Structure formats: C-alpha cells, structure tokens
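Undergrad: Counting from 284, one number per residue, gives the positions in the sequence shown under the numbering used here. Using N, Cα and C, we set each Cβ at its ideal position, and we do this for glycine too. Nothing here was measured: the structure is a model prediction, and the numbers come from that model. The structure's right below; bear with me while I get my questions together.
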Amino acid sequence: MKTVYIPKGEIVRYESLMTEHLVVHGCLQVSNGIKARTITGQGTISAGTIDADVIRVDGVEAGSIVCKRLLAKRVQSPEVFASESAAVSCFLSAAYVETGRLTVTLSEIDEVKAEEVVNLTPKKRTLFGTLLASLFRSFWTALTVRGQKEPTVMTDACEAMPEGVTESTQEEAQEPEAEQAAPCEEENTVEPEAVDEELNRIVGIFKLAREQGYTLKLIPGTPEENAPVFDFENERILRPAA
C-alpha cells in the first residue's frame, strides 16, 4: 500500500502496518510495529514500534520511535531516536532521547543526548508555531554566544629558579629577576581590548543567515563607492580611504 488514511472520529486497529505514506486524523492502534516513509495528521497513534522518516502528528505513544524528524504535541515512549530534530509542543515523556536538536516545553526525560536543546516557555502553540519559536530561540542564542569572548589568559614570563643552585648564584640572579618583574607586572596591568558588541552582533547575523542559505545586502546611507566593506575572513570592516 502506498497511502493509508485514517479518517477523523474512527478507531482503526492493525497487528502490523507497512506503507509509504500514513495519514492519521482519527485513532490508530497497532499491536506490533509501523514502518512508513511519512506519518502525518491530527490524530493519535499507539504502536509497539514506529520507524519513519518524518513523523508529524498530535499524539504518539510507542515502545520505540526511530525517525529523522519528529514533530508532535504529545509523545510518550521509552526510547526516542530522531537523527535530525525532535520538537514536542506540549509534553514529552521518555527514558532516553537521542537527537540532533531537541525542542520541548514540559518534559520528563531520564537521559538526553543532543547537540542542542531548546526549552520553550509553556504556552499554547501550534506545531508550526513551535518550530518558529525554536528557530527564533536558536537564532537569538547564536547571536548572544558569538558576541562573547573568552577572557585573555596572561602567562607569567618569570620562571622559577631550578633546585640545586648555590647561594651565590641565587644572589646574582636576584637583580635580573627584579628587572624582569617590572615588565611582567606591566604586561599584567594592560587592559584587555574593548569588545565591540555591536560588531559581533552584526557578524553573527551575517554568519547565521549565510549558513541558512540567505543572502543579505546592506544599503548604506553613503554612495556605494564610499561604503565600507566587511571582510568575513578577518572579521573586520574595511573603510574607504578619506
């Protein structure tokens, strides 16, 4: 079968189900497992195991879920494996979740293995609204994280004297050490370079938009021949000569 359709208001039961496309607007109950390419609809599914590329339904309850992308309102399963992303708008209950990016509001999870976890505030959202909120939160987090710089670690150039040297050698070495201590203190008192937060924010927007496949063009207030140019490799603005 290429497509299986479960209409709204009906309860359909199978022992096992294998199809290319599954559309569930009612209630589907499968004793063993479901294997499909896409599972969509506004209904609920209860099965032993679910294996699909894309799952986008209101409610899912299964012993194990394996997919590429998962988008649902409610999910209850001991194991959830979503290779790309998993987004649950209402409640997620699982013992183990492994995915690329996890988006949840309310959840009860024992162990999570994910590259990125987005926690949204509990609010009534549609599935599409959940995706938009997740993208906006990831975008904002990327901007704030890219704008922060790690503090500069100052290394002490004055090395300790090795053990076993004679007292006369130590006395002779005291004067050079005193001379070296002054430059070391001056280096430590150098103020760190001021962080240009506005520049970092603009650079973050450019990089993130370019990674997502967008092309941005700045329209300067000055003529284009006098407009500054941004050097992406060195992350600096090249201003025209006066």
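Mapping DSSP to helix, strand and coil, what is Lys407?
TA: Lys407: coil per DSSP, three-state reduction.
Undergrad: Along the chain, where does the beta strand (DSSP E) that runs through Ser299 open and close?
TA: Careful: Ser299 lies outside any beta strand (DSSP E) and carries neither H nor E.
Undergrad: With a CB to CB cut of under 7 Å and the five nearest residues on each side skipped, what residues in its chain are close to Glu398?
TA: The answer, listed in chain order, is Gly383, Arg384.
Undergrad: Taking only beta-carbon positions, decide if Ile294 is within less than 8 Å of chain D.
TA: Going by chain labels, chain D is absent from the structure shown, which holds only one protein chain.
Undergrad: What first and last residue would you give for the beta strand (DSSP E) that runs through Lys285?
TA: No beta strand (DSSP E) contains Lys285, which DSSP labels as neither H nor E.
Undergrad: At the level of alpha carbons, what is the spacing between Asp336 and Thr404?
TA: One C-alpha to the other measures close to 28 Å.
Undergrad: Could you spell out where the beta strand (DSSP E) holding Lys396 opens and where it closes?
TA: Taken as a continuous stretch (DSSP letters only), the beta strand (DSSP E) holding Lys396 covers 362-402.
Undergrad: Near Thr381, which residues of its chain fall below 6 Å by C-beta distance, leaving aside the five closest residues on each side in sequence?
TA: The amino acid occupying residue 381 in the given sequence is Glu; Thr does not appear at that position. Phe364, Lys396, listed in sequence order.
Undergrad: Helix, strand or coil, according to DSSP, for Lys318 in the structure here?
TA: Here Lys318 sits in strand by DSSP.
Undergrad: Less than 7 Å between C-beta atoms, sequence neighbours within five positions excluded: which residues of the same chain meet that for Arg296?
TA: For Arg296, where only same-chain residues beyond five positions count, the Cβ hits under 7 Å are Gln312.
Undergrad: Hey, could you find the ends of the beta strand (DSSP E) Lys351 is sitting in?
TA: Taken as a continuous stretch (DSSP letters only), the beta strand (DSSP E) holding Lys351 covers 327-359.
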